[in-house]
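Colleague: Encoded as structure tokens, here's the structure I'll be asking about.
Residue numbers (our numbering), protein chains in the order written: chain A, 12 to 358; chain B, 7 to 391.
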């Protein structure tokens with residue numbers, strides 16, 4: 012969707028032609044089915060090979076056998092993947108709508124790096140060890156960097172290049188800080204080197220329970236913002252003429268994006284590119300209406316994250332490739348493709 | 007893209023390079039450029055201010071080097087250092103100075119110079135003050151090469167150097183090829199670099215998780231950038247590369263300066279745009295990779311040095327005013343500034359944290375990060391990023 016396309020065209024695109032709504036609803040059902048399949052695959056596939064009967068046993072007749080324990084662990088990992096995936100995808104979609112920028116994404120904008128730096132600070136200097144303790148630091152870091160990037164990137168006059176550059180520069184500075192901490196503190200190096208890659212492997216039922224309220228609240232808030240964000244996408248003047256409260260929408264959208272990416276980062280470490288790829292794929296068949304983009308992103312982002320996680324478990328058996336590595340390797344080329352496409356320099 | 011182009015062209019009247027000699031007499035400060043006229047119509051334009059800055063920075067770099075040689079567990083006063091350097095010191099000091107500390111300082115000077123020059127080239131080619139090798143993914147590429155050698159092959163220091171060099175060159179080539187689309191444009195180069203950098207950062211993180219603890223600790227120190235334990239084997243290749251590339255770059259500096267006015271205009275003025283850009287990018291990639299291979303990816307020197315140098319070489323009244331001109335590439339001042347910065351940072355890290363406790367990259371990372379924030383705020387105000 013281009014800012015410089017005439018408003019009539021965009022209004023026409025927003026008013027869905029009759030019949031298209033039905034197709035899109037069917038597509039959403041289909042996507043949900045795909046999500047269920049991927050979730051099942053994520054429970055069934057892993058370093059330890061289990062038969063389907065064993066998986067069934069573990070899921071529904073848990074009696075504490077080895078297989079049941081494995082299934083239980085994979086279950087919490089899958090649930091965390093579902094939650095974190097939805098959170099990252101939604102925050103990417105919201106950020107893209109908010110900044111009207113096709114390259115906006117919590118990883119590229121440095122928001123994940125902000126959350127990481129805050130979490131590392133909490134663990135190393137404040138002795139916070141529980142996830143429910145340092146998730147607040149993650150919010151703080153994510154919000155601080157989000158606001159900084161927004162302000163330094165030039166607020167509404169931001170171009171994709173400017174936002175991406177500011178985000179990357181801030182990430183570079185924060186990663187330098189992370190490295191300094193890891194050099195000075197061997198214990199921090201021992202824990203952090205696994206966390207900073209972005210992985211679902213450490214998921215337990217406790218992790219899931221701790222981040223669930225934040226991710227749930229963030230998801231609901233983001234989905235409720237679909238309509239007001241549609242107005243923002245029309246440009247400031249049109250939005251104001253339509254009666255939208257621009258500042259409130261912006262503030263709430265920023266809050267939703269921060270909570271979602273901050274909580275996801277606190278739970279799994281920084282995972283890049285999920286929030287970039289999924290909204291673009293979704294937009295290609297739903298059109299620019301956020302009331303469709305956001306639900307689709309909620310369903311399809313976990314497909315990508317869990318799919319990447321399953322791939323990571325298969326390709327490096329018996330070891331694992333962390334999901335953050337897989338999404339970066341998959342997402343980098345998509346990013347470059349977007350950059351090369353002539354018309355995506357502005358959303 | 008269109009907006010970038012129009013902005014570049016509208017700014018052209020004020021971008022025509024040297025503030026002292028060119029147009030805009032209303033805003034120009036003191037005339038800093040002089041022409042030397044020789045016999046037979048030969049003349050040479052000299053920017054007095056730039057020459058003074060270069061001389062001062064060079065002196066600062068060398069002084070910091072002498073002080074750094076004297077710093078350590080066995081402190082040596084500067085006068086003794088100088089006497090030893092010209093060959094009139096006693097035996098013990100001679101060994102410490104010549105074999106242990108001089109090569110380290112020389113590597114520091116050369117790495118700083120390479121990073122300063124490489125950063126200035128990148129910023130000029132990408133037409134963006136933030137387009138430095140740290141942001142564009144080159145440092146990360148070189149890091150990936152070095153990490154592969156450290157972790158997967160537990161290689162020697164020499165092998166690590168080669169790995170870093172290979173990693174940097176491959177990444178530079180990849181970025182250039184991926185950004186190529188009927189020519190390479192500044193903004194596409196930057197964005198492709200950011201994408202590549204994100205991928206390579208993830209791969210680096212993965213390699214570190216595969217390492218055993220000792221290798222991981224070694225890798226993290228390397229990744230921060232350190233001058234500890236550098237000897238003559240690192241000095242010679244760096245010096246040779248520098249001696250080859252510096253004349254090449256300076257010979258093409260004129261074309262690079264024209265390029266900052268926009269592709270169309272420079273083509274009209276007779277600059278072979280793609281050739282100059284390719285040559286300069288290649289030189290910058292080589293310089294950065296070689297520097298990274300020798301000392302690790304020392305953060306932010308390549309970003310900071312050209313910025314600081316520019317502030318010194320431009321008269322104050324032209325500095326940061328609304329719609330201020332982007333000056334020429336400022337190559338030699340950036341080079342001297344890089345050398346001075348790196349050696350001073352190494353001295354500071356040794357004084358502040360004790361000998362060989364924290365690598366120099368931590369100091370440049372922290373100071374560079376602060377400078378970066380300040381830069382982002384001011385450049386944003388001037389609308390230049």
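We treat Cβ as the ideally placed atom computed from N, Cα and C, and that holds for glycine.
Can you list, in chain order, the residues of its chain with a C-beta nearer than 8 Å to that of residue 258 of chain B? Leave out the 5 residues immediately preceding and following it.
Modeller: Within the same chain, residue 258 of chain B has close Cβ partners 282, 285, 286.
Colleague: Write down the C-beta distance between residue 236 of chain A and residue 267 of chain A rounded to the nearest angstrom, noting that I regard them as a contact closer than 8 Å.
Modeller: With a Cβ gap of about 6 Å, residue 236 of chain A and residue 267 of chain A count as contacting.
Colleague: Please list, in chain order, the chain A residues whose beta carbon lies closer than 7 Å to that of residue 140 of chain B.
Modeller: 183, listed in chain order.
Colleague: Can you confirm whether the stretch 298-314 of chain B touches the stretch 362-373 of chain B when touching is taken to mean that 3 or more C-beta pairs between the two stretches lie within less than 8 Å?
Modeller: Taking 8 Å as the limit for Cβ pairs, the verdict is that the stretch 298-314 of chain B does touch the stretch 362-373 of chain B.
Colleague: Would residue 58 of chain B be called buried (16 or more neighbouring beta carbons within 10 Å of its own) or exposed?
Modeller: Looking at its Cβ environment, which holds fewer than 16 other Cβ atoms inside 10 Å, residue 58 of chain B is exposed.
Colleague: Going by the beta-carbon positions, is the gap between residue 244 of chain A and residue 116 of chain A smaller than 9 Å?
Modeller: In this structure, residue 116 of chain A does not lie closer than 9 Å to residue 244 of chain A by Cβ.
Colleague: Using only CA atoms, which one of B/135, B/164, B/203, B/272 lies nearest to residue 240 of chain B?
Modeller: Among B/135, B/164, B/203, B/272, the Cα nearest to that of residue 240 of chain B belongs to B/164.
Colleague: DSSP three-state call for residue 376 of chain B: helix, strand or coil?
Modeller: Of the three classes helix, strand and coil, the one that applies to residue 376 of chain B here is helix, per DSSP.
Colleague: Can you give the Cα-Cα distance for residue 89 of chain A and residue 51 of chain A, rounded to whole angstroms?
Modeller: Roughly 9 Å separates the two Cα atoms.
Colleague: In whole angstroms, what is the alpha-carbon distance linking residue 159 of chain A and residue 153 of chain A?
Modeller: If you take the alpha carbons of residue 159 of chain A and residue 153 of chain A, they lie about 10 Å apart.
Colleague: For residue 226 of chain A, which residues of its own chain have a beta-carbon under 6 Å away from its beta-carbon, when the five flanking residues on both sides are left out?
Modeller: For residue 226 of chain A, where only same-chain residues beyond five positions count, the Cβ hits under 6 Å are 94, 98, 274.
Colleague: Should residue 143 of chain B be labelled buried (16 or more other beta-carbon atoms within 10 Å of its own) or exposed?
Modeller: Buried.
Colleague: Keeping to the same chain, check which residues put their C-beta closer than 6 Å to that of residue 203 of chain B; ignore five residues upstream and five downstream.
Modeller: 143, 146.
Colleague: Is residue 52 of chain B helix, strand or coil when you go by DSSP?
Modeller: In this structure, residue 52 of chain B counts as strand in the three-state DSSP scheme.
Colleague: Work out the CA separation of residue 271 of chain B and residue 105 of chain A for me, nearest whole Å.
Modeller: C-alpha separation (whole angstroms): 40 Å.
Colleague: Shortest alpha-carbon distance to residue 342 of chain A belongs to which of B/126, B/110, B/198?
Modeller: For the residues B/126, B/110, B/198, the minimum Cα distance to residue 342 of chain A belongs to B/198.
Colleague: Could you give the DSSP three-state label for residue 121 of chain B: helix, strand or coil?
Modeller: Three-state result, residue 121 of chain B: helix.
Colleague: Residue 148 of chain A: buried (16+ other C-beta within 10 angstroms of its C-beta) or exposed?
Modeller: Per the 10 Å Cβ criterion, buried.
Colleague: What is the residue span of the alpha helix (DSSP H) that residue 333 of chain A lies within?
Modeller: Element bounds for residue 333 of chain A: n/a, residue is neither H nor E.
Colleague: Please report the residue range of the alpha helix (DSSP H) in which residue 161 of chain B lies.
Modeller: Here residue 161 of chain B belongs to no alpha helix (DSSP H), and DSSP marks it neither H nor E.
Colleague: Using a Cβ-Cβ distance under 9 Å, would residue 131 of chain B count as near chain A?
Modeller: It does not: the Cβ of residue 131 of chain B has no partner Cβ on chain A nearer than 9 Å.
Colleague: Are any of the Cβ atoms in chain A nearer than 9 Å to that of residue 229 of chain B?
Modeller: It does: the Cβ of residue 229 of chain B has a partner Cβ on chain A nearer than 9 Å.
Colleague: With a 10 Å radius around its C-beta and 16 neighbouring C-beta atoms as the bar for buried, classify residue 391 of chain A as buried or exposed.
Modeller: Because chain A in this structure spans residues 12 to 358, residue 391 of chain A falls outside the shown range and cannot be described.
Colleague: How about residue 136 of chain A: is its C-beta nearer than 9 Å to some C-beta of chain B?
Modeller: Not closer than 9 Å to any Cβ of chain B, the Cβ of residue 136 of chain A fails to qualify, so no.
Colleague: Indicate whether residue 215 of chain B and residue 190 of chain A have their beta-carbon atoms separated by less than 9 Å.
Modeller: Against a cut-off of 9 Å, the Cβ pair of residue 190 of chain A and residue 215 of chain B comes out as no contact.
Colleague: Could you give the DSSP three-state label for residue 86 of chain B: helix, strand or coil?
Modeller: It is helical.
Colleague: So, for residue 263 of chain A: in the same chain, excluding its five sequence neighbours on each side, which residues have a beta-carbon less than 7 Å away from its beta-carbon?
Modeller: Answer for residue 263 of chain A: 232, 236, listed in chain order.
Colleague: When the Cα of residue 245 of chain B is compared with those of B/116, B/43, B/138, which residue comes out closest?
Modeller: Out of B/116, B/43, B/138, B/116 has the C-alpha closest to the C-alpha of residue 245 of chain B.
Colleague: Would you say residue 444 of chain A faces chain B, with C-beta separation under 9 Å as the test?
Modeller: What is shown of chain A runs 12 to 358, which leaves residue 444 of chain A out entirely.
Colleague: With a threshold of 16 other CB atoms inside 10 Å of the CB of residue 238 of chain B, please say whether the residue is buried or exposed.
Modeller: By the 10 Å Cβ count, residue 238 of chain B comes out exposed.
Colleague: Can you grab the Cα-Cα spacing for the pair residue 351 of chain B / residue 195 of chain A, in whole Å?
Modeller: Spanning the two alpha carbons is a distance of roughly 18 Å.
Colleague: What residues from chain E crowd round residue 258 of chain B, counting only those whose CB sits closer than 7 Å?
Modeller: Protein chains in the displayed structure are A and B, and chain E is not among them.
Colleague: When Cβ atoms are compared, which residues of the stretch 220-250 of chain A fall closer than 8 Å to chain B?
Modeller: Hits within the stretch: zero.
Colleague: What separation, rounded to the nearest whole angstrom, lies between the Cα atoms of residue 204 of chain A and residue 93 of chain B?
Modeller: Each residue's alpha carbon lies about 48 Å from the other.
Colleague: Measure the alpha-carbon distance for residue 318 of chain B versus residue 119 of chain A and round it to whole angstroms.
Modeller: Their backbone Cα atoms lie some 33 Å apart in a straight line.
Colleague: For residue 31 of chain B and chain A, any beta-carbon pair shorter than 9 Å?
Modeller: With a pLDDT of 37 at residue 31 of chain B, under the threshold of 50, the modelled position of this residue cannot be trusted; read the value that follows with caution. Answer no: the Cβ-Cβ gap between residue 31 of chain B and chain A never drops below 9 Å.
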